[in-house]
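Worksheet: the structure to be examined is printed underneath.
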Amino acid sequence: MRSELEAAVAAVCKDLFAAELAVELTRPNEQFGDYATNVALQLAGKLGQKPRDIAERLAVKLRENLAGTVAGVSVAGPGFINLTLRDAVLVRALDGLEAPKRLAGKTYVVEYSDPNPFKPLHAGHLYTTLVGDMIARLVERAGAKTVRINYGGDVGLHVGKCMWAIIRQLGGELPDKLDDIPTGERPAWLGTRYVEGNSAYEDDGAAKTAIVATNKRVYQLHEAGDHDSPFAQIYWTCRQWSYDYFKTLYNQLQVAPFDRFIPESEVTPLGMGTVQEQLARGVYTKSDNAVVFNGEPHGLHTRVFINTEGLPTYEAKDVGLSLTKWRDYHFDRSIIITANEQEQYMQVVIASITQFAPEPAERTTHLTHGVVKLQGGVKMSSRKGNVVTALQILEAAREAGAETGRHPSEETILAAVKYAFAKNRIGGDIIYDPKESIALEGNSGPYLQYAHARARSILKKAAAEQHHTIEKFEASERSLARKISEFPEAVEKATNELMPHHICTYLYELAQTFNSFYERNRVVGSDREAVRTALVARYADTLRDGLQLLGIAAPDTM
RNA sequence: GCGCCCGUAGCUCAGCGGAUUAGAGCGUCUGGCUUCGGACCAGAAGGCCGGGGGUUCGAAUCCCUCCGGGCGUACCA
29 MRSELEAAVA AVCKDLFAAE LAVELTRPNE QFGDYATNVA LQLAGKLGQK PRDIAERLAV
89 KLRENLAGTV AGVSVAGPGF INLTLRDAVL VRALDGLEAP KRLAGKTYVV EYSDPNPFKP
149 LHAGHLYTTL VGDMIARLVE RAGAKTVRIN YGGDVGLHVG KCMWAIIRQL GGELPDKLDD
209 IPTGERPAWL GTRYVEGNSA YEDDGAAKTA IVATNKRVYQ LHEAGDHDSP FAQIYWTCRQ
269 WSYDYFKTLY NQLQVAPFDR FIPESEVTPL GMGTVQEQLA RGVYTKSDNA VVFNGEPHGL
329 HTRVFINTEG LPTYEAKDVG LSLTKWRDYH FDRSIIITAN EQEQYMQVVI ASITQFAPEP
389 AERTTHLTHG VVKLQGGVKM SSRKGNVVTA LQILEAAREA GAETGRHPSE ETILAAVKYA
449 FAKNRIGGDI IYDPKESIAL EGNSGPYLQY AHARARSILK KAAAEQHHTI EKFEASERSL
509 ARKISEFPEA VEKATNELMP HHICTYLYEL AQTFNSFYER NRVVGSDREA VRTALVARYA
569 DTLRDGLQLL GIAAPDTM
């Protein structure tokens, strides 16, 4: 509907003023109309005429050309043109609430979550897991072939720390002893080892040396393809524990499964090889015995890609990762979601890739988010400062749920956390308030779930949905209809910007519009039951559809 | 020091070039409702949109500057 109207307005501009404009209709306040355009203001400057005069002339022509679809065209304020749809046209819009598949035929690679094996997940991982899932759903909905990628560090210093502590705990390189640890306790056991390794690294010089050596052994193990030595057995077993645990967690979170887990070790050779190759061609340079990319000419920092030990840093691995994605998927767009502390880091990596593989570099979008904090703070893990873990967030939501006395279901707990993360624009810090998130009143996931369940309950009581031929809406019916009809636009906006919060804003407004309608209109048993039942059904479907884009369940009862 | 991001009601946030009154939620205050699941609805109070300058017919929205905060700034990721 919208794009048809935009085309019509553009055509009139061309007819009357020979002006080629990209017309974008906006949604004005309801009192003004259904759509608005400011083309007259834009034209005023070019033509040197009064905007209102231009608007009036355009309006006359629009009334003529759009007589079938538009009930009214008005000029307002400094020169806005407002269009009001015919009710019958609005009704038709409700039958086609699918957003256009603008990404059909495209391939989108979306990388998010990115937890490191051997390390506990923190709140930031939970955030990208959930929000990344939403973004993937959005582009998938728009028709893109969507590849969900999970990248994680199975090599690197943190692994060295953990491996060192594991071996110490086992009393030597004794892989068989790992069998004694019960399956359910393995993630926590590994977590404890990581903390121990981390402390030792910081506090104990001898341990630090040993950990660095252990780290190196992990790299060598990969180079040699070693799966048999006791050291290797421990490594591969514990790595598998981590991946098993991730999958369990994702399952619990009810996010779409990842298409591919890419461990750092897998992309390291390609990254190393590429950096060395491009070192020869002068893209990278040697400095203080390390291989660096000189970012200064690009207004960026200089960063190390291969360190003086000859080991690849994360930069080189990321080069390997980018090229792996490009080689395997030939993506139209590659989206990466990480914490914002990596923003400039990523710019350096991408700038370097631009020098020898411009296509994948240009097609990469890096989205970053801030720190996830708990409202009121948490008892901090003594050692590491202010890091909140993923489990702490989930636990806080459950506790807040229990405190309400309502015994919210797991679906509702998840809705609370997901919606709380989703409702803010991606970028800034997130202050997670468990109480607010679980509340049934206010802008929360559970509120929308409840709104949906209530609508379903009405429909159960109503006569079967009848086919309606509406000539005229009553005012509050029309408001609801109009709001429902905005759904595809909200989805498109969220998709274009890769910002799921637009879905939240829309759904919440939709629920408010509905509640207002519901307050003053009887549905079941009214003489307009057919019309209203149809509206309630569309409303409930739209809510469920929108929540689904956020990965939030919409049960019929709760 | 330099670079990037942020600063909107008491709190958490939308809005990011347009409409007399800058919007929500929570909190506060008034009303309504034994309701098709009132956990809602109607309304009030509360903001020189960090300060100052500029561009524009029009700026919370763009540019400059200052103040305040976060992050980054070579071998962590």
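First residue of the first sequence: 29, per my numbering; consecutive thereafter.
Where a beta carbon is used, it is the ideal one built from N, C-alpha and C, also for glycine.
Keep in mind the model is a prediction, meaning the values are calculated, not measured.
Cα-Cα separation, residue i to residue j
{"i": "R453", "j": "A116", "result": "36 Å"}
{"i": "G473", "j": "A509", "result": "23 Å"}
{"i": "A1", "j": "S362", "result": "Because the chain spans 29 through 586 in this model, residue 1 falls outside it and cannot be assessed."}
{"i": "Q261", "j": "P215", "result": "17 Å"}
{"i": "S328", "j": "D457", "result": "One point to set straight first is that residue 328 is Leu, not Ser, in the sequence displayed. Going by the C-alpha atoms only, they are around 24 Å apart."}
{"i": "L33", "j": "I512", "result": "18 Å"}
{"i": "V416", "j": "H153", "result": "10 Å"}
{"i": "R355", "j": "P386", "result": "13 Å"}
{"i": "A503", "j": "A479", "result": "21 Å"}
{"i": "I486", "j": "A539", "result": "15 Å"}
{"i": "K446", "j": "V40", "result": "45 Å"}
{"i": "A83", "j": "E52", "result": "15 Å"}
{"i": "N335", "j": "L125", "result": "54 Å"}
{"i": "E213", "j": "W264", "result": "18 Å"}
{"i": "E390", "j": "G105", "result": "42 Å"}
{"i": "E230", "j": "L298", "result": "32 Å"}
{"i": "T330", "j": "Y373", "result": "9 Å"}
{"i": "R80", "j": "F501", "result": "31 Å"}
{"i": "P388", "j": "Q375", "result": "13 Å"}
{"i": "A238", "j": "W192", "result": "8 Å"}
{"i": "E58", "j": "R550", "result": "23 Å"}
{"i": "M162", "j": "S437", "result": "21 Å"}
{"i": "S141", "j": "V159", "result": "9 Å"}
{"i": "T352", "j": "Q77", "result": "56 Å"}
{"i": "V167", "j": "R120", "result": "26 Å"}
{"i": "R309", "j": "M300", "result": "14 Å"}
{"i": "E305", "j": "D254", "result": "26 Å"}
{"i": "Q576", "j": "P143", "result": "24 Å"}
{"i": "V103", "j": "I109", "result": "5 Å"}
{"i": "D316", "j": "Y342", "result": "18 Å"}
{"i": "A588", "j": "T382", "result": "As displayed, the chain neither begins before 29 nor continues past 586, which places residue 588 out of reach and without an answer."}
{"i": "M527", "j": "A170", "result": "14 Å"}
Beta-ladder partner(s) of residue i, from DSSP
{"i": "G456", "result": "I454"}
{"i": "H150", "result": "T417"}
{"i": "G180", "result": "P291"}
{"i": "R331", "result": "F321"}
{"i": "L111", "result": "Y63, V101"}
{"i": "H326", "result": "Bridge partners of H326: none, in fact."}
{"i": "L402", "result": "Y460"}
{"i": "Y136", "result": "T174, R361"}
{"i": "H394", "result": "I364"}
{"i": "T54", "result": "A64"}
{"i": "G313", "result": "It should be pointed out that residue 313 corresponds to Thr in this sequence rather than to Gly. According to DSSP, T313 bridges with V320."}
{"i": "P340", "result": "I334"}
Nearest residue (CA-CA) to residue i, options the options
{"i": "F359", "options": "N335, K78, T393, E371", "result": "T393"}
{"i": "A443", "options": "Q420, K353, S544, A467", "result": "A467"}
{"i": "M586", "options": "R30, Q477, T570, I512", "result": "Q477"}
{"i": "E423", "options": "G456, L281, K74, Y271", "result": "L281"}
{"i": "A241", "options": "A252, I290, G579, K189", "result": "K189"}
{"i": "Y567", "options": "I209, T541, L185", "result": "T541"}
{"i": "S270", "options": "Y222, A235, Q248", "result": "Y222"}
{"i": "E181", "options": "S437, V295, P325, P128", "result": "Before going on, a small fix: residue 181 reads as Gly here, not Glu. Of the candidates S437, V295, P325, P128, the one whose C-alpha sits nearest the C-alpha of G181 is V295."}
{"i": "A450", "options": "A522, T265, H250", "result": "A522"}
{"i": "T112", "options": "T432, V119, A99, A121", "result": "A99"}
{"i": "G199", "options": "P258, A252, H150, R165", "result": "P258"}
{"i": "F274", "options": "Q77, P148, A252, S465", "result": "P148"}
{"i": "Y610", "options": "E525, Y460, A448, M300", "result": "Nothing about residue 610 can be reported from this structure: the residues present for the chain run from 29 to 586 only."}
{"i": "K357", "options": "T54, G61, A172", "result": "Correcting the residue type first, residue 357 is Tyr in the shown sequence and not Lys. Of the candidates T54, G61, A172, the one whose C-alpha sits nearest the C-alpha of Y357 is A172."}
{"i": "E514", "options": "A127, A50, A47", "result": "A127"}
{"i": "I365", "options": "I177, G470, G219", "result": "I177"}
{"i": "R196", "options": "V552, T220, S293", "result": "T220"}
Beta-carbon separation (whole angstroms), residue i vs residue j, contact threshold 8 Å
{"i": "N226", "j": "V187", "result": "Actually they are not in contact, since the Cβ atoms of N226 and V187 sit about 12 Å apart, beyond 8 Å."}
{"i": "L71", "j": "F45", "result": "6 Å"}
{"i": "P462", "j": "A430", "result": "The pair is not a contact, with the Cβ atoms about 11 Å apart (cut-off 8 Å)."}
{"i": "V347", "j": "V303", "result": "6 Å"}
{"i": "N368", "j": "H397", "result": "6 Å"}
{"i": "A518", "j": "Y536", "result": "Contact flag wrong, Cβ pair sits at about 11 Å."}
Does the stretch 81 to 100 come close enough to the stretch 122 to 141 to have 3 or more Cβ pairs within less than 8 Å?
no
Inter-stretch contact at 8 Å, needing at least 3 Cβ pairs: the stretch 483 to 493 / the stretch 553 to 567
yes
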